[in-house]
Structures are given as C-alpha cells and as structure tokens.
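Report on the structure given below.
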Amino acid sequence: MGCVILTRKDTQVDIHSFKKIYVIEFKKILLSEWTQMPNNMKITKLRSIIVITGCILACSLASYAQSSLKRNTILLNGTWQITEGKNDVIPKSFNHTVPVPGLVSLATPAFKDVGPKLKDRESTSQSGSPREAFWYRHQFTVKEPIPAIAILKIAKAKYGTKVYLNGKDLGEHLPCFTPGYFNVKDALKTGVNELIVRIGASINSIPLSMPNGFDFEKKSFIPGIYDDVELILSGTPHIIRVQAVPDIINNQLGVQLNVENSGVAIIGKIGFTIREAKSGKIVGHLNSLVKLSGNGKEDIVDVKIPIKNTHLWSPEDPFLYTLEVNTNADEYSTRFGMREFHFDTVTKKAVLNGKPYFLRGSNITIYRFFEDSTCKDLPWNSAWVRKLHKSFKQFHWNSLRYCIGFPPEEWYRIADEEGILIQDEFPVWYGGTGWNSWPKELGADELAKEYSEWMQERWNHPSVVIWDASNETVCNNGNSDETGEAVSRVRSLDLSHRPWDNSYSPKRAPGDVFESHPYHFQNPKFQLKDIAKAEIIPQGNNSPNTGKYPVIINEYGWLWLNRDGSPTTLTKELYKNLLGENSTVAQRRHLLATYMAAETEFWRCHRECAGVLHFTSLGYSRSDGQTSDHFLNVEKLTYESEFLKYLPDAFSPEGLMLDEWGNKIETGKTHDFKIIAINDLEPSWKGMVRLQIMKNGIVIKGKSSNLAIPSYGQKTLTISCVTPKKPGLYTVVALLEKKGEKPVKSIREIVFN
C-alpha cells in the first residue's frame, strides 16, 4: 500500500520512488561533488532533500494509518434478540431474547418445540418443525475507523448460518461444527451496526450432502449459535492462521504462518515471540524478513524458534506457552504445549514425549447433553466446565473422547490447562453393516472440506492428540470409503502428524487407531462369570482386529442406568436377567459399579489395548433414552456413590485384577487365586499384594505376598488360600499396598459351596 504524490510534471511517483531519489541526493552530499557546488545550488539541494524527507514521512504515516492497526478482537457474545420465521424473509420484529453462545432452547420467552423429534431412531431427518428458521439480531458499536481487514467469526452454529450486516447480505456457512468466517469490510461502519444471523430450525435445513450430526440415540436436535462470535479488525498484512508445531527433540517450535497482504508486494518483518503462559517470561524470539505478495494473495511462512529450558506438557504437568506473531499491521496470539504424541507401530501403545503412556478415561457426548433437562447454560459456564474436568482426575482419567460432537472452544482451552488428552471425534455416526443410515449424497469432497476447517481450528491445542473422523460408521456409498478418502486428503495438513481413528473404515495408516467397542453385556443373558471365557483380544468393530494397529477401547460395558437408578431402554432385559423382576435401585447401582470396575480391570490388565475409555461421563438421562452418565446432580457434579466407590481403583495407574469371575468355589479347600497387577508409570512399583476373604465386612481368611511391578509393566502371581468351611456369598478382595499410599482394590462377590 503506497502513498501517491504528484510531481511538477503531474506524473505519479510512489513512496518507493521518492526513497530512491532521497538516497541519490544524499549520496551526492557525501561525495566530493558537494564541495564543488556553488552555495546557491547547495541550498536548492538541501531544500529538495527536506521536501522529499517530509513526503516520505507523510506517506509513511498515511500508509501506516491504513495498514498498521494491530488486531482488535471484539467479542460479540451476550444477550441477543431472536425470533422465528421463514428462510427467505428477514423478520421486522424480534420479540424474544437468547444468550449467545447457547441454544435456542434458552430463549425468553421460550419457543415451542425447538427440537422436533425424529420419526424413529434410524431417520436422518426431522418432521413437524413449526418454523423454517430462527433469526438472531444484535447491535454493536465500533468506535474507531474501519481498518483494512474486518472479519466476523461465528465459531459454531446449527443448522446453517447466513449473515446480514447493516442490511447487506454477506453469504452463508452451512457446516454446523466448524467456524464460519465472513468478510464484513464493505458493510461495517464506525458507530452502531446491526448484525442479523439466520440459522436453520432443524437438521432438515442442511442438505444430505453435508454431515448434520445424526445420532441414533438422540431424539432432539436443537439449533443455536453455540460458540463464540467475534469481530476481528486489523491492518494488512493480515495473519490468517498459525500452526504451532512442537519439536521436543530439538527444543524448538516450528511455526507455519498463513498471511495475506492486500497492499503492494513488500519485504516485511514478522516477529515471533514465545512466552511462558503463566509468568509471561520470554523464552524464544525471532524476527524474520519475508517477501509478501500483494493484492490479497496468501503466503505461507515457515520458521523454527529455539526455546530456552523447554518445559514439556503432559496431563500430569500441563505447562503452557504463548506464541505471539506480529506483522507491522496485525498480531496473533495462540497457546501451545511442548508435547509429542504417537502410537508405536511395534508395541501398539501410545507414546507421550518419548515415553510409553497408557490412556485411561471416558467419553463426553455433549450433543446428547444438549437435550438433557439439566443442561440449561452449563456448557457455557466456564467454572462448571473446569470443575467437571477436574472431577475426572479422581478416577485417574487422563483422557477423554469428545464423542460424536464438539463442545465449545472453551472446553479445549480448559482441557489444555487441566491436563486431559482429547480424542476429538467429528460428528459422523451412520452405523455399521446391517444397521446403516449413510446418506448416498454425502461424499469425500464435503467431508475433506469440513475436516480441514476442524483441524485448522483445533491443531494448536496440546490436549488434542487424536483426530477421530467418525464413530461406528461404514460408508455405505457403493464400494467407496468416503471418510477414509477424506482423511487421506487432509492428513498432511497437520504438521504434528497426529494419529487418526476412523471407526469402521478399512483405510488406515501405520500408527492409526483400531476402534474397539467390545460390549459384553449387549447380550442380556451375559453374566460376569462369562468373562472367564471371554477373548482377551478386543474386537468390537465392523472388521476383525488383526493386531496390526493399536487398539483403543472407547466404549464397553452396556450397563447403563438412568440417574434415578432405572434401566435404560437398552438394559431393561439385562438387569431383569441379572437381578430379577423386582430389583431395587441400590442393587442395580451396586451391580453397575462392581461389574464396570471388573470389566475395566479385565481390559486394562491384559494389556492388549493402548487405552480404555468408559462410556459415558456426561450425556443425557431420560426414561426413553439408551445410555446415561453417573451423576445424581449434574449442576453440582455429584456422582452416584457406588460408582465413586469402585471405579477409581479400577482405573488406578498402579492397579490389579483378581482373575475370578463369580464361578463357584469349593469350601474348605485350597484355592489358587490368580492376580494380574499392572504399572502404567515409569518408576517401578514395590509393595505388597494381599488377598482377603470377607463376610459382612470382616476378614475371614487372608494371605499376602511381596510384589514388584516393573516400569510400565505387568506381573502375574498366584496366592493359594484355604477357603472358608461355611458355604455362602463372600467378598474376595485383592489389594495392592504400599506404605504411605491408599490401597488399590479389586473386588469380587463369589459363592463358596
């Protein structure tokens, strides 16, 4: 962007030409010809240099005023006006209000039937919506002159987004799970502005050629602007996006910068500064001169920045840095963590920062929680979200799958800070062979586009370690693998080379994940004693587990109870078979907790998988629902007491499994009790393993043995013990005991006869 001046000959000379003249004239002063000039000519030359200098300064200031405004991000969140109506007619009046971000179900006064039910669980469309669209209106004020760059970002909205600013149509962004960016430069004005946003009222607003978040176990799809809305103002050159690429081997950060310059081509200085996020201490800095194309062309800049005294990020020590990038006209800041994550193709285990790392965790199904009666505004309450993630630590969980849908971006920032590894799952679930609802219109082109937008929004979060393209999905589109093809197109965009999980897709790269959902109790006649004969190699996929890929079990059990203790629609027959027709809430809750703990021990202690993630830690609870979580009070995050009693030990990093499954044991005879102990941690574990046979809380028989479990290792032992002479139901407990530490228990209830 140059300043133009008219010369005496009325020819246009830009600022760069004047700089050349200035250099030529100044050189003459320094050369010998200056001494030979007459005095009157010297005065003329000096006057020319002064005029040129003034012009250069004036042009530079004018150019600076147009291009050097640093970034100003205005958060437009708050209470907006809203109404309902048709797709193609902007309403004249807005007589409701709604929080942004949030869902339309939070509007005041409330709208009727904001999430019409699906016809059935296999239907991918809604029916009976009383309106076509919801219309939002919001006024905001811009105090300064409008700079070269003005962009509106709507981080997430369902279903389909169309934007008008000050009456001007700025286009639409139909994807429901990725950010929409709108160029508002020509419509934005200094002073009061009116923003109108239309969203579709149901998933029918989205064509079948696009993912709409279909879920076999949801009944209500509620629209809304459910993430932040921002106005981004800056000069040019403008920073479009930044990718931070940790290199823990060389103690440096790779940075890929996408920058756009709407002025003339220039050699511009770009500054990179790395700070410790908490202290603000500078630990890395680099200035780089970069040739930037003009006329709005996008350039890619790659640099590497050494970091002093690198501090690694992990769930146990979630240390964060801030990267600041500056042009003369824009600035961009993002947080990152120095961490590296992959799956070892030989051991089939996860590796974090160069060391083995076992994944223990759960799932969050945020879109199911959106339809829960207790949801309200909790997903946008930062204190509640942080408390939720902190609560997971008591179960020794270090990882979560954000399942079949993305929460607001604040959740990822909190996961970064609290130290949780995230398997980030795109909301695609259309089922497997024989139960598939894949729309034939949905193909790899659209998926690749939305996968790209998703990755660009998320790739600087150290918490995000696995891209998950789908859940339990066969792409029933002829013989094609649409999700697999889309993944192959976008994989290289992530310079940190995170592994991918793509559920039932056969297309995987070395180090990608085999997703396993081994639901033993899906068969309502299955009993705990049947685990003794169960295969220790996890399957639970549309394709067989050949052992070629690392396995993550991120669903298992099939033991759900609603929060009131009643069975879900999927577990009514199961609990009837296990406990009879007249079981109590207390009996069912106890069975769920003890059986889920035993199953967790089974999958963890056999060491045939890289991760064990329970399903689910947050969802819905309703009488006609299929799954549920384990809260008694969601707002207060009060867990059901039996779950809280048994599950922490089952997920303990130094844990054990009593390899007994309820089969009857003879009384008064020596019995060999097999125990498998594991150590997820680097330091070896030394202590004692103890076996106890209890009746009514009193130890009847007991025996102990010293035990050492190697680093990241497994140890199998047998403790022989004479069983009680009196028949009956006993509690058998295996304990890991170490001085100064709380014992870890594996518990079985066994009949002796």
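Just so you know, we're using the working numbering here: the sequence shown kicks off at 1495 and counts up by one. Backbone N, C-alpha and C define an ideal beta-carbon position, used for all residues, glycine too.
In DSSP terms, what residue i is bridged to
| i | result |
| --- | --- |
| T1767 | H1779, E1818 |
| D1995 | D1962, V2007 |
| A1651 | I1719 |
| W1891 | The partner list for W1891 (beta bridge, DSSP) is empty, contrary to what the question assumes. |
| M2182 | N2200, E2231 |
| Y1896 | I1858, D1918 |
| I1824 | First, the amino acid is wrong: residue 1824 is Asp here, not Ile. Partner(s): none; D1824 has no beta bridge. |
| L1751 | V1736, V1795 |
| P1800 | Q1746 |
As assigned by DSSP and simplified to three states, the class of residue i
| i | result |
| --- | --- |
| E1919 | strand |
| D1663 | strand |
| C2215 | strand |
| D2128 | It is Val, not Asp, that sits at residue 2128 in the sequence shown. Coil, per DSSP. |
| K2232 | coil |
| I1546 | Here the model assigns I1546 a pLDDT of 48, short of 50, so the residue's position is not dependable, and the following value carries that caveat. Helix. |
| Y2069 | helix |
| Q1950 | helix |
| V1498 | In this prediction, V1498 scores a pLDDT of 30, lower than 50, which makes its location untrustworthy; the coordinate-derived value is nonetheless stated afterwards. Strand. |
| L1989 | coil |
| D2024 | helix |
| G2191 | coil |
| Y1516 | Confidence in Y1516 is poor, its pLDDT being 44 and thus under 50, which makes the residue's placement unreliable; the coordinate value appears in the next sentence. The answer is helix: DSSP assigns Y1516 an H, G or I state. |
| S2240 | strand |
| F2137 | helix |
| I1697 | helix |
| S1492 | Not covered by the structure: residue 1492. The range shown for the chain is 1495 to 2247. |
| F2109 | coil |
| Q2120 | coil |
| R1439 | The chain is shown from 1495 up to 2247; residue 1439 falls before or after that span and cannot be answered. |
Any non-hydrogen atom of the ligand ATP closer than 7 Å to residue i Cβ
| i | result |
| --- | --- |
| K2066 | By its list of ligands, the structure shown contains no ligand whatsoever, and the ligand ATP lies outside what it can speak to. |
Reference residue i, options the options, closest by Cα
| i | options | result |
| --- | --- | --- |
| P1873 | F1676, K1662, L2112 | L2112 |
| G2149 | I2170, P2204, T2161 | I2170 |
| Y1924 | G1707, I2031, D1811, S1856 | G1707 |
| A1759 | L1783, Q1750, K2158 | L1783 |
| S1867 | W2097, T1967, E2129 | E2129 |
| G1913 | A1938, N1930, Y2013, G1831 | G1831 |
| V1968 | K1934, S1808, V2183 | K1934 |
| V1608 | K1656, T1635, I1697 | I1697 |
| G1748 | I1801, Q1888, L1646 | I1801 |
| L2230 | R2242, V2183, E2243, I2241 | V2183 |
| K1842 | W1905, L1915, D2006 | D2006 |
| K1772 | G1926, H1732, F1813, V1797 | F1813 |
| E2102 | I2031, L1689, K1662, K2023 | I2031 |
| S1957 | T2225, K1611, D1811 | D1811 |
Cutoff 8 Å: residue i Cβ touching any chain B Cβ
| i | result |
| --- | --- |
| D1939 | Structure shown: chain B not included; a single protein chain is present. |
Alpha helix (DSSP H) segment containing residue i, residue limits
| i | result |
| --- | --- |
| N2035 | That residue, N2035, is in no alpha helix (DSSP H); it is neither H nor E in DSSP. |
| T2094 | 2079-2099 |
| H1883 | 1876-1886 |
| I1908 | 1903-1912 |
Short Cβ contact (8 Å threshold) for residue i with residue j
| i | j | result |
| --- | --- | --- |
| A1844 | A1644 | no |
| V1754 | G1729 | The sequence shown places Glu at residue 1754, not Val. No; because the gap between Cβ atoms is not below 8 Å, this pair is not in contact. |
| E1825 | K1564 | yes |
| W1574 | Y1658 | no |
| G2181 | K2220 | no |
| T2164 | N2247 | no |
| L2107 | I2047 | yes |
| P2000 | Y2050 | no |
| Y2043 | V1984 | no |
| E1666 | K1650 | no |
| P2218 | I2194 | yes |
| G2196 | L2185 | yes |
| V1981 | N1970 | no |
| E1834 | I1916 | no |
The beta strand (DSSP E) enclosing residue i, as first and last residue numbers
| i | result |
| --- | --- |
| Y1630 | 1627-1636 |
| P1850 | 1849-1851 |
| D2166 | 2164-2173 |
| H1836 | 1835-1837 |
| P1593 | 1590-1594 |
| E1935 | Premise fails: E1935 is in no beta strand (DSSP E) and is neither H nor E. |
| E1578 | 1572-1579 |
| Y2043 | Counting along the chain, Y2043 falls outside any beta strand (DSSP E), and DSSP gives it neither H nor E. |
| A1642 | Segment: none, A1642 is in no beta strand (DSSP E) and carries neither H nor E. |
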